[in-house]
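Trainee: Structure in structure tokens, see below.
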Amino acid sequence: MLLTTLLYIVFILSSIVLVTVILLQEGKGGGFGEALGGHGQATFGVGTSGINRFTGWVAVVFLVTALGIHVLNRRATTSSVLEGGGSMLNAPAETAPDAGGTGNE
146 MLLTTLLYIV FILSSIVLVT VILLQEGKGG GFGEALGGHG QATFGVGTSG
196 INRFTGWVAV VFLVTALGIH VLNRRATTSS VLEGGGSMLN APAETAPDAG
246 GTGNE
């Protein structure tokens, strides 16, 4: 339970950081980094290798935590919807009351 909570926290934080870092990256059109006054370049250096490496590591953390959450949730639930054996398929259908009548006839 504690490990799952920790993975969810790291997953959410890494997703926020990943979105922010991707938006700060400078593309051909300038990017969102220029709107903040070039803070992305000041943080990660003038070259793009630092921010690309950082983005790659955050993406790895994001994917590993997503897979970890999936594995832990899969172990926690062992039942499946398909294990019911189609019991709903053999159940009789409910009849709806007549919409035209008042039911007092």
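Take the sequence shown: its position 14, counting from 1, is numbered 159 in our numbering, and each next residue is one higher. Ideal Cβ positions, reconstructed from N, Cα and C, are used throughout, including at glycine.
(1) Applying the criterion that 16 or more other CB atoms from any shown protein chain within 10 Å of the CB defines a buried residue, is S194 buried or exposed?
(2) How about S159 and F199: do their beta carbons lie closer than 8 angstroms?
(3) Any idea if T222 is buried or exposed, counting beta-carbon neighbours within 10 angstroms, 16 or more meaning buried?
(4) Note down the Cα distance separating T165 from I196, rounded to an integer number of angstroms.
(5) Would you call T240 buried or exposed, if buried means 16 or more other Cβ atoms sit within 10 Å of its Cβ?
(6) Find the nearest neighbour of G201 within the set L163, I214, I154, I157, judged by alpha-carbon distance.
(7) Please report the straight-line C-alpha distance between L169 and L227, rounded to a whole angstrom.
(8) Less than 8 angstroms separating the beta-carbons of L147 and L217?
(9) Taking the continuous alpha helix (DSSP H) assigned at T210, which residues delimit it?
(10) When the Cα atoms are used, what is the spatial distance from T210 to I161?
(11) Keeping to the same chain, check which residues put their C-beta closer than 8 angstroms to that of I214; ignore five residues upstream and five downstream.
Mentor: Based on what the coordinates show:
(1) exposed
(2) No.
(3) exposed
(4) 11 angstroms
(5) exposed
(6) L163
(7) CA-to-CA, the gap between L169 and L227 works out to about 45 angstroms.
(8) Between L147 and L217, the gap from beta carbon to beta carbon reaches 8 angstroms or more.
(9) 194-221
(10) Approximately 14 angstroms, taken between the alpha carbons.
(11) The answer, listed in chain order, is T149, L152, Y153, F156.
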